[in-house]
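Residues in the sequence shown are numbered consecutively from 15, following the numbering used here.
Ideal Cβ positions, reconstructed from N, Cα and C, are used throughout, including at glycine.
First comes the structure, then the notes that go with it.
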Amino acid sequence: MRVPFIAGNWKMFKTQAEAAAFAEEFKTLYKGTDVQTAVCAPFTDLKLLVDAFRGTGIMVGAQNVHFAENGAYTGEISVSMLEEIGVDFCIVGHSERRQYFGETDETVNLKLKKLFEGSIRPILCVGESLEERDAGQASAIVSRQLASGLDGIGADDIRRLVIAYEPVWAIGTGRTATPEQAEEMCAFIRNTLIEMYDEDTADEVIIQYGGSVKPANATEIMNMDEIDGALVGGASLKAADFMEIIDF
Ligand code: PGA
Numbered sequence: 015m016r017v018p019f020i021a022g023n024w025k026m027f028k029t030q031a032e033a034a035a036f037a038e039e040f041k042t043l044y045k046g047t048d049v050q051t052a053v054c055a056p057f058t059d060l061k062l063l064v065d066a067f068r069g070t071g072i073m074v075g076a077q078n079v080h081f082a083e084n085g086a087y088t089g090e091i092s093v094s095m096l097e098e099i100g101v102d103f104c105i106v107g108h109s110e111r112r113q114y115f116g117e118t119d120e121t122v123n124l125k126l127k128k129l130f131e132g133s134i135r136p137i138l139c140v141g142e143s144l145e146e147r148d149a150g151q152a153s154a155i156v157s158r159q160l161a162s163g164l165d166g167i168g169a170d171d172i173r174r175l176v177i178a179y180e181p182v183w184a185i186g187t188g189r190t191a192t193p194e195q196a197e198e199m200c201a202f203i204r205n206t207l208i209e210m211y212d213e214d215t216a217d218e219v220i221i222q223y224g225g226s227v228k229p230a231n232a233t234e235i236m237n238m239d240e241i242d243g244a245l246v247g248g249a250s251l252k253a254a255d256f257m258e259i260i261d262f
């Protein structure tokens with residue numbers, strides 16, 4: 015029932031000229047597939063990508079958003095601003111934002127609530143650090159991130175949620191979680207959603223794995239029962255590599 019969903023996360027890479035070149039190349043490679051596909055890009059590239067991908071089925075996402083409607087928040091971007099551009103998704107709570115920009119479970123919660131008022135679907139990132147994993151706390155951390163991040167959000171909204179399990183130790187390190195480790199955590203996330211909501215609701219949530227996904231390991235990751243998709247950083251920057259992952 016759940017359609018696989020693979021999203022690229024460009025992070026702070028690609029000027030508009032580079033994004034345009036990617037879009038041109040990617041459109042020649044992309045023949046339409048059963049896999050939902052999105053590229054999450056810097057704010058400055060979003061309009062260009064929405065225009066370039068119109069009519070192709072390729073979707074576009076932002077990597078962050080503010081939780082207020084508008085206001086004196088220098089440097090921030092609102093949900094309405096993203097909606098006006100025609101963005102489909104927005105990453106919330108990426109570990110780099112938690113680590114470097116003071117993102118907390120509380121701000122994640124506010125951002126999710128604001129996004130759920132409109133049409134943009136959030137991709138909520140959760141995951142433990144290496145220290146936390148070694149201390150046997152991986153599930154406790156993820157469970158806390160889900161409980162606080164989703165606090166007060168109802169089942170109807172949750173059905174539109176995408177969750178990316180991204181162990182911090184596997185991001186940009188070349189050290190991928192084994193398919194079994196990823197599978198175990200994605201199953202744990204689904205079970206947590208069953209406890210928080212109900213089975214039908216939890217069944218509709220797309221759960222991605224993220225952390226050093228590349229053409230060479232995409233098949234084994236995507237073939238795991240509990241993993242519905244991937245959030246791809248480094249390997250989404252090259253059109254050919256990203257296409258190979260989507261074609262897993
Ligand atoms: P990576 O990044 O694929 O480069 O490890 C994944 C992410 O941070 O979303």
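(message) In whole angstroms, give me the CA-to-CA distance for glutamine 159 and aspartate 119.
(response) 6 Å
(request) Specify, as a first and last residue, the run of the alpha helix (DSSP H) that tyrosine 223 falls within. (result) Premise fails: tyrosine 223 lies in the beta strand (DSSP E), 220-224, not in any alpha helix (DSSP H).
(request) Please go through the same chain and pick out, in chain order, the residues whose beta-carbon is closer than 7 Å to the beta-carbon of glycine 225, but skip the five residues on each side of it. (result) Glu180, Pro181, Ala184, Ile185, Thr190, Ala191
(request) Look up glutamine 50 in the DSSP assignment and give the residues it is bridged to. (result) Beta-bridge pairing links glutamine 50 to Phe19.
(request) Mind checking which residues open and close the alpha helix (DSSP H) that includes leucine 245? (result) Taken as a continuous stretch (DSSP letters only), leucine 245 belongs to no alpha helix (DSSP H), being part of the beta strand (DSSP E) at 243-246.
(message) Let's test the definition: count the other Cβ atoms within 10 Å of the Cβ of serine 109 and tell me whether it reaches 16, buried, or not, exposed.
(response) Burial call: buried.
(message) Shorter than 7 Å, the distance from the beta carbon of valine 246 to the closest heavy atom of ligand 1, or not?
(response) Under cutoff, so the answer is yes.
(request) Measure the beta-carbon distance from leucine 138 to phenylalanine 81 and round it to whole angstroms, keeping in mind my assumption that it falls under 8 Å. (result) Wrong, their Cβ atoms sit about 14 Å apart, outside the cutoff.
(message) Could you check whether aspartate 102 and alanine 33 sit closer than 8 Å to each other, using their CB atoms as the reference points?
(response) no
(request) Below 6 Å CB to CB, which residues in the same chain sit around glutamate 39 once its five sequence neighbours on both sides are set aside? (result) Ala253
(request) Pull up the distance between the alpha-carbon of threonine 47 and that of tyrosine 87, whole angstroms please. (result) 40 Å
(message) I'd like to know if the region 201-218 and the region 126-133 are in contact, where contact means that at least 3 CB-CB pairs between them fall below 8 Å.
(response) no
(request) Report yes if the CB atom of alanine 244 is closer than 8 Å to the CB atom of alanine 230, and no otherwise. (result) no
(message) What does the alpha-carbon distance come out to for the pair alanine 154 and arginine 112?
(response) 17 Å
(message) Quick check on DSSP: helix, strand or coil for leucine 138?
(response) In the three-state reduction of the DSSP assignment, leucine 138 falls in the strand class.
(request) For the region 155-220, list the alpha helix (DSSP H) runs that are entirely contained and at least 4 residues long, ordered along the chain. (result) 169-172, 193-210, 213-218
(request) Out of Glu258, Val156, Ile221, Glu198, point me to the one whose CA is closest to phenylalanine 19's CA. (result) Cα-wise, what sits closest to phenylalanine 19 is Ile221.
(message) Using a 10 Å radius around the Cβ and a threshold of 16 neighbouring Cβ atoms, would you call tyrosine 44 buried or exposed?
(response) buried
(message) Is serine 92 close to ligand 1? I mean its beta-carbon at under 7 Å from any heavy atom of the ligand.
(response) Between ligand 1 and serine 92, a heavy atom-to-CB distance of less than 7 Å is absent.
(message) Please tell me whether valine 93 and valine 79 are closer than 8 Å, where the distance is taken between their beta carbons.
(response) yes
(request) Let me know the alpha helix (DSSP H) ranges lying completely inside the region 37-108, each 4 residues or longer, listed in chain order. (result) With a minimum length of 4 residues, the continuous alpha helix (DSSP H) runs that stay inside the region 37-108 are 57-67, 93-99.
(request) Quick one: measure Cβ to Cβ for tyrosine 114 and isoleucine 172, integer angstroms, because I've assumed they're closer than 8 Å. (result) The Cβ separation is near 28 Å, so there is no contact.
(message) Does glutamine 151 come out as helix, strand or coil in the three-state DSSP assignment?
(response) Coil.
(message) I want to check one thing, is the minimum distance from the CB of glycine 141 to the heavy atoms of ligand 1 below 7 Å?
(response) no
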